[in-house]
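All the letters of the sequence shown, read from the start, carry residue numbers 4 to 384 under the working numbering. Remarks on the structure that follows.
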Amino acid sequence: MIISASTDYREAARRKLPPFLFHYIDGGAYAEYTLKRNVEDLAGIALRQRVLKNMAELDLSTELFGEKLAMPLALAPVGLTGMYARRGEVQAAKAAADKGIPFTLSTVSVCPIEEVAPAISRPMWFQLYVLKDRGFMRNALERAKAAGVTTLVFTVDMPTPGARYRDAHSGMSGPNAALRRVLQAMTHPAWAWDVGLLGKPHDLGNISTYRGNPTGLADYIGWLGANFDPSISWKDLEWIRDFWEGPMVIKGILDPEDAKDAVKFGADGIVVSNHGGRQLDGVLSSARALPAIADAVKGELKILADSGIRTGLDVVRMLALGADGVMLGRAFVYALAAAGGAGVSNLLDLFEKEMRVAMVLTGAKSIAEISRDSLVRELGV
Numbered sequence: 004m005i006i007s008a009s010t011d012y013r014e015a016a017r018r019k020l021p022p023f024l025f026h027y028i029d030g031g032a033y034a035e036y037t038l039k040r041n042v043e044d045l046a047g048i049a050l051r052q053r054v055l056k057n058m059a060e061l062d063l064s065t066e067l068f069g070e071k072l073a074m075p076l077a078l079a080p081v082g083l084t085g086m087y088a089r090r091g092e093v094q095a096a097k098a099a100a101d102k103g104i105p106f107t108l109s110t111v112s113v114c115p116i117e118e119v120a121p122a123i124s125r126p127m128w129f130q131l132y133v134l135k136d137r138g139f140m141r142n143a144l145e146r147a148k149a150a151g152v153t154t155l156v157f158t159v160d161m162p163t164p165g166a167r168y169r170d171a172h173s174g175m176s177g178p179n180a181a182l183r184r185v186l187q188a189m190t191h192p193a194w195a196w197d198v199g200l201l202g203k204p205h206d207l208g209n210i211s212t213y214r215g216n217p218t219g220l221a222d223y224i225g226w227l228g229a230n231f232d233p234s235i236s237w238k239d240l241e242w243i244r245d246f247w248e249g250p251m252v253i254k255g256i257l258d259p260e261d262a263k264d265a266v267k268f269g270a271d272g273i274v275v276s277n278h279g280g281r282q283l284d285g286v287l288s289s290a291r292a293l294p295a296i297a298d299a300v301k302g303e304l305k306i307l308a309d310s311g312i313r314t315g316l317d318v319v320r321m322l323a324l325g326a327d328g329v330m331l332g333r334a335f336v337y338a339l340a341a342a343g344g345a346g347v348s349n350l351l352d353l354f355e356k357e358m359r360v361a362m363v364l365t366g367a368k369s370i371a372e373i374s375r376d377s378l379v380r381e382l383g384v
C-alpha cells in the first residue's frame with residue numbers, strides 16, 4: 004500500500020463510516036483494475052531530482068479560467084458528499100475556499116446550490132451530466148448562474164452507469180438495501196449521530212429543489228439509471244454552450260481524438276479522467292492517457308486531470324505529464340469523513356507541503372516550470 008496522508012484518512016474513514024458509504028466512495032467498476040492502476044501508475048512515475056538551484060522562493064499559484072488559485076488544485080465533484088459529514092458539501096467548500104482553490108458541486112449533491120454558494124468566500128464550480136430530463140438541466144444551469152457559479156464542469160463519461168459490484172455487496176444497492184443501511188448506521192454511532200441524525204435532510208438537494216419533493220437515497224440509483232442518456236453526442240451540448248456564458252470544462256476525456264473534438268466544440272478546458280475507475284474497467288489510467296492528450300491539445304484549452312491523486316507529489320507528476328491543474332476526489336472525501344472540514348483543510352495543507360518539497364528537489368520555482376524535464380525520461384515517461 005502507498006503510504007500517505009490520504010491512506011491514513013482512508014483508514015479513519017473506513018472505521019467511522021457505515022460500510023455502504025465507505026465502499027461507495029472507495030470502490031470502482033467490475034474487478035477494479037483501473038482503480039488500482041490509477042494510483043499505481045501515477046506513484047510509479049519517477050521525478051528527476053536536481054540540487055543547488057537556489058530554491059528559496061517558490062510560487063505555487065496559478066490561473067485557471069480567469070481565476071487566481073493558490074495552488075493548481077480543485078476539489079472534484081463527488082456525489083453524496085453530504086452523507087460523509089454533516090452538510091458535507093458546505094464543509095468541504097469552505098475548506099477549499101479558505102485555501103484559495105475551487106470547490107466543484109456535484110449534480111447529485113446532498114446540499115443544493117443555494118445552500119453551498121452563499122456559505123463560501125469565493126465562487127464555486129458546478130458539475131452537470133447530460134440527462135434525459137432536459138428541464139432539470141436547464142433549471143440547474145439557471146440556478147447555478149443565479150448563484151454566481153463561475154465554471155461549468157460537464158461530465159460526459161457516464162452515458163450509462165458502470166457496474167459497481169461493491170455497492171450490491173455493501174448495501175448501497177441490491178436486496179434489502181434499505182434495511183441493511185439502517186443496521187449499519189446503528190453499529191456506527193458517531194456517524195449516526197453527527198450525519199444520520201443532525202445532518203438531515205438526506206436527499207439529493209439539487210434534484211429535490213427541481214422536483215418540488217424529496218429525492219432520497221432510496222431513489223438515487225433508480226433516478227440516475229432512468230435519466231442517464233446513452234444517445235449523448237457533441238450536438239447535445241451545443242445548446243448548453245450557447246446558454247452558459249462562463250467557462251465550460253468537459254470532464255471524462257481519455258483519448259486524444261476526443262480532446263481534439265473538445266477543442267473544435269469550443270470547450271475552455273477538459274479533465275483527463277476515467278471517473279476514478281468507476282465506469283469502464285480496463286481503460287488507461289489517467290496518468291498513462293495524459294501525455295498523448297497534452298501533446299495533441301496543449302495550449303488550445305486548459306487541461307486538468309483526476310483519478311489516482313493521493314499526494315502532493317502526484318499533483319506535481321500530473322503537471323509534469325502535461326496538466327495545467329488537477330482535481331482531487333476520493334482523497335478529500337476520506338478526510339472529510341474522518342474529520343470534517345478540518346480534515347479537508349489539513350489534507351490540503353499536507354498536499355501543499357508535499358508539492359513544495361517536490362518543487363524544491365526538482366528545481367521548479369513556479370507551476371509553469373514543472374514540465375516533462377521534471378521526470379526521469381529513461382524510465383519511459
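Glycine is no exception: its CB is placed at the ideal position from the N, C-alpha and C atoms.
Sequence-distant residues of the same chain with beta carbon closer than 8 Å to residue i, five excluded per side
i, result
"residue 144", "131, 155, 243, 246 and 247"
"residue 259", "295, 296, 298, 299 and 300"
Residues of its chain near residue i, where Cβ-Cβ distance is below 6 Å and the 5 sequence neighbours each way are ignored
i, result
"residue 47", "none"
"residue 98", "344, 347 and 348"
"residue 280", "31, 37, 38 and 41"
For residue i, the nearest candidate out of the options (CA to CA)
i, options, result
"residue 212", "147, 353 and 39", "147"
"residue 84", "76, 95 and 74", "95"
"residue 200", "188, 208 and 52", "188"
"residue 320", "357, 73 and 287", "357"
"residue 135", "7, 126, 17 and 228", "228"
Three-state secondary structure assigned by DSSP to residue i
i, result
"residue 382", "Low confidence applies to residue 382: its pLDDT is 49, below 50, so where it sits in the model is not reliable enough to give any reading."
"residue 369", "strand"
"residue 240", "helix"
"residue 256", "strand"
"residue 13", "helix"
"residue 160", "coil"
"residue 303", "coil"
"residue 71", "strand"
"residue 197", "helix"
"residue 222", "helix"
"residue 352", "helix"
"residue 110", "coil"
"residue 99", "helix"
"residue 235", "coil"
"residue 270", "coil"
"residue 275", "strand"
"residue 84", "helix"
"residue 287", "coil"
First through last residue of the alpha helix (DSSP H) which encompasses residue i
i, result
"residue 321", "315 to 324"
"residue 36", "36 to 46"
"residue 208", "208 to 214"
"residue 104", "Segment: none, residue 104 is in no alpha helix (DSSP H) and carries neither H nor E."
"residue 186", "180 to 189"
CB-CB length for residue i against residue j, believed under 8 Å
i, j, result
"residue 359", "residue 9", "17 Å between Cβ atoms; not a contact."
"residue 293", "residue 275", "5 Å"
"residue 385", "residue 235", "Nothing in the structure corresponds to residue 385, since the chain is present only between 4 and 384."
"residue 81", "residue 366", "Contact doesn't hold; Cβ gap of about 34 Å is too wide."
"residue 290", "residue 325", "No, residue 290 and residue 325 are not in contact; Cβ-Cβ is about 10 Å, not under 8 Å."
"residue 93", "residue 54", "With a Cβ gap of about 44 Å, residue 93 and residue 54 do not count as contacting."
"residue 306", "residue 209", "Contact doesn't hold; Cβ gap of about 27 Å is too wide."
Residues near residue i by beta carbon distance below 7 Å, same chain, minus five either side
i, result
"residue 383", "Reliability fails at residue 383, whose pLDDT of 47 lies under 50, so the model's placement of it is uncertain and no value is given."
"residue 141", "none"
"residue 285", "36 and 37"
"residue 269", "244"
"residue 329", "75, 76, 307, 308, 309, 312, 318 and 321"
The beta strand (DSSP E) enclosing residue i, as first and last residue numbers
i, result
"residue 171", "Not the beta strand (DSSP E): residue 171 falls in the alpha helix (DSSP H), residues 168 to 173."
"residue 67", "65 to 67"
"residue 130", "128 to 132"
"residue 331", "328 to 331"
"residue 59", "Taken as a continuous stretch (DSSP letters only), residue 59 belongs to no beta strand (DSSP E), as it is neither H nor E."
Near the ligand GTP: residue i beta-carbon under 7 Å from a heavy atom
i, result
"residue 114", "With respect to the ligand GTP, the structure shown offers nothing to examine, as it has no ligands at all."
Chain B within 8 Å of residue i, Cβ atoms only
i, result
"residue 178", "Reference to chain B is not applicable here, since this structure consists of a single protein chain."
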